[in-house]
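Just so it is clear: in the sequence shown, position 134 is 133 by the numbering used here, and no numbers are missing. Please read the structure below before turning to the comments.
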Amino acid sequence: MRITVTSLWLLWLCLGLPAGLKASTLSAEQFLAEVRRPLTQDVWGEITGRLTHQRVGQARVSGDLRLRISFSSSSLHAQIVLNDKNVYGFVQKHPPGEPLSCKLSLPEPEEKPGLFDFGLEPEDLSFSFLYWDFIAELPSQKSRMRNCRIMRLAHPDNKGQVEVWFDAEYGFPLLAKWYKEEQKKPWRSLEMKGAKKYENGLWFVKEMRLDGDGWKTRVIFDFASLKDIGSQ
Numbered sequence: 000m001r002i003t004v005t006s007l008w009l010l011w012l013c014l015g016l017p018a019g020l021k022a023s024t025l026s027a028e029q030f031l032a033e034v035r036r037p038l039t040q041d042v043w044g045e046i047t048g049r050l051t052h053q054r055v056g057q058a059r060v061s062g063d064l065r066l067r068i069s070f071s072s073s074s075l076h077a078q079i080v081l082n083d084k085n086v087y088g089f090v091q092k093h094p095p096g097e098p099l100s101c102k103l104s105l106p107e108p109e110e111k112p113g114l115f116d117f118g119l120e121p122e123d124l125s126f127s128f129l130y131w132d133f134i135a136e137l138p139s140q141k142s143r144m145r146n147c148r149i150m151r152l153a154h155p156d157n158k159g160q161v162e163v164w165f166d167a168e169y170g171f172p173l174l175a176k177w178y179k180e181e182q183k184k185p186w187r188s189l190e191m192k193g194a195k196k197y198e199n200g201l202w203f204v205k206e207m208r209l210d211g212d213g214w215k216t217r218v219i220f221d222f223a224s225l226k227d228i229g230s231q
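Structure below.
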């Protein structure tokens, strides 16, 4: 009886909790262990969407996205195509008992606007911030009418902290806020909206929103096909 989460920047998938088990019944350490646990089945998917990035005093930047992805219990492989010009390769490996590793391959040459011209950070691609060091669980709050468990995590190299709001019933993240050292106000935030559950128990997020000081980024997904590998 457990929840399982795996992720990529343009994709958030998770297995719902079995009947009779709620994320709120787990200790903070147990909760994070379950969230970080890889999927048990092999899954492939294809997703399309559109990005928009607006910075104060600058013209809006837009882009079309196409993502093909496959993942298993030990790795995730993805190809991200931006504006039918820039092709990015992404590999995330999480062997049992070993640290998470991520590798992003950039196109050569990379035509403007590139992926990181949309206000992104490297951890947005892999959600690797979920593996940062646990500090404390904060008092529960609501986000978009959902009860949330809030975990405070610290970068292992002391490069700031993140506050992650998880759905208390299903265990998937709804909101993340990043803090720089010695600052009480977050310098950027990530919000996920419109989660849809598939027949195989996987969830897909329809919209992602990134906000920072003087800028905002939106990702709207218009198509998703997610299947177990080997299914017809």
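The beta carbon of each residue, even a glycine, is placed where N, CA and C say it ideally should be.
Asked, Found
"Beta carbon of residue 86 nearer than 8 Å to that of residue 106", "yes"
"Simplified DSSP assignment, three categories, for residue 160", "strand"
"Start-to-end residues for the alpha helix (DSSP H) that takes in residue 133", "Unbroken run through residue 133 is the beta strand (DSSP E), 132-142; no alpha helix (DSSP H)."
"For residue 79 and residue 119, the rounded distance between their alpha carbons", "14 Å"
"Top-ranked residue by Cα proximity to residue 45, from 29, 35, 68", "68"
"Three-state secondary structure (DSSP) of residue 71", "coil"
"Cβ separation of residue 63 and residue 54, assumed to be a contact under 8 Å, to the nearest whole Å", "That pair is no contact at about 20 Å."
"Beta-carbon separation (whole angstroms), residue 223 vs residue 203, contact threshold 8 Å", "5 Å"
"C-alpha distance - residue 143 paired with residue 133, whole-angstrom precision", "25 Å"
"Residue range of the unbroken beta strand (DSSP E) whose run includes residue 45", "42-54"
"Contact check, residue 131 vs residue 98, beta carbons under 8 Å", "no"
"Distance, residue 129 Cα to residue 65 Cα", "25 Å"
"CB-CB length for residue 187 against residue 209, believed under 8 Å", "7 Å"
"Among 75, 36, 217, nearest to residue 95 - alpha-carbon criterion", "36"
"Sequence-distant residues of the same chain with beta carbon closer than 8 Å to residue 178, five excluded per side", "159, 160, 161, 162, 184, 185, 186"
"Exposure label - residue 77; buried when at least 16 CB within 10 Å", "buried"
"Proximity below 8 Å, CB of residue 126 to CB of residue 34", "no"
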